[in-house]
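Working notes for the structure below.
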Amino acid sequence: MPFDIINVCAGIIRKNDKILICQRSESKFNGAWEFPGGKVEINESQEQALKRELEEELGIKAKIGHHFHTVYFKDSPTQQINLHSYIINSYTGQITCHVHAQYKWVSIDNIALHNYLPADLPIVAQITKLKKHP
Ligand SMILES: Nc1nc2c([nH]c(=O)n2[C@H]2C[C@H](O)[C@@H](COP(=O)(O)OP(=O)(O)OP(=O)(O)O)O2)c(=O)[nH]1
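For what it's worth, the working numbering labels the leading residue of the sequence shown as 5, then goes sequentially.
Okay, here's the thing in structure tokens:
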């Protein structure tokens, strides 16, 4: 049986003590919340893919910061999603939803109170451990 590994990158966009989360519009993922990003294409690094996706999805030019956390999520018997997240501390442009239903800035304290895609849960758990800015 063929087994597919899909590499997906996601941005943890941080502004003071808030993190940006986006809600999927398609019914397939049931309006779940996620971090903006998407699939890494052939001949693209994870950082290049994330930069491209953030421009496509939110209309911003982001500076990709350090790698945060990777989740290896077995989606089905034949497919695994490797979800690579990176911290984004700076960007230019105005955030606009091009593909998502809506976006929201949530505090680190409240981030776990939303309904996420299952692969995101370990990332959300890591975010709750981030130190707040003094
Ligand atoms: N972008 C994003 N995708 C996620 C997250 N968590 C998670 O399980 N996924 C899954 C959903 C999809 O199966 C896959 C990413 O697909 P996508 O639809 O966002 O990527 P894309 O824009 O490159 O896709 P495509 O429709 O152009 O092929 O990863 C997340 O936090 N962000």
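Using N, Cα and C, we set each Cβ at its ideal position, and we do this for glycine too.
Span of the beta strand (DSSP E) around Ala-116: As a first step, residue 116 is located in the sequence shown; it is residue number 112 there, counting from the start. No beta strand (DSSP E) holds Ala-116; DSSP gives it neither H nor E.
State yes or no: is the C-beta of Phe-77 nearer than 8 Å to some heavy atom of ligand 3? Of the ligands this structure carries, namely ligand 1, none is ligand 3.
Quick one: what's got a C-beta closer than 6 Å to Glu-57's C-beta in the same chain, skipping five residues either side? On the sequence shown, residue 57 is found 53 positions in, with the first residue counted as 1. Contacts found: Gly-41, Gly-42.
So Val-44 is in the beta strand (DSSP E); what residue range does that whole segment cover? For the purposes of this step, residue 44 is taken as the residue at position 40 of the sequence shown. In this chain, Val-44 is not harboured by any beta strand (DSSP E), its DSSP state being neither H nor E.
Within the continuous beta strand (DSSP E) that includes Ala-66, where are the two ends? For the purposes of this step, residue 66 is taken as the residue at position 62 of the sequence shown. Segment 65-80, the beta strand (DSSP E) holding Ala-66.
Let me check one thing: in DSSP terms, what residues is Lys-135 bridge-paired to? Taking the first residue of the sequence shown as 1, we reach residue 135 at position 131. Paired residue(s): none; Lys-135 is not in a bridge.
If you follow the beta strand (DSSP E) that His-55 is part of, which residue opens it and which one closes it? Translated into positions along the sequence shown, residue 55 becomes position 51. In the sequence as presented, His is not what sits at residue 55; that position holds Lys. That residue, Lys-55, is in no beta strand (DSSP E); its alpha helix (DSSP H) goes 50-62.
Please confirm whether any heavy atom of ligand 1 lies closer than 8 Å to the CB of Leu-62. Within the sequence shown, numbered from 1, the residue matching residue 62 stands at position 58. Ligand 1 has no heavy atom closer than 8 Å to the beta-carbon of Leu-62.
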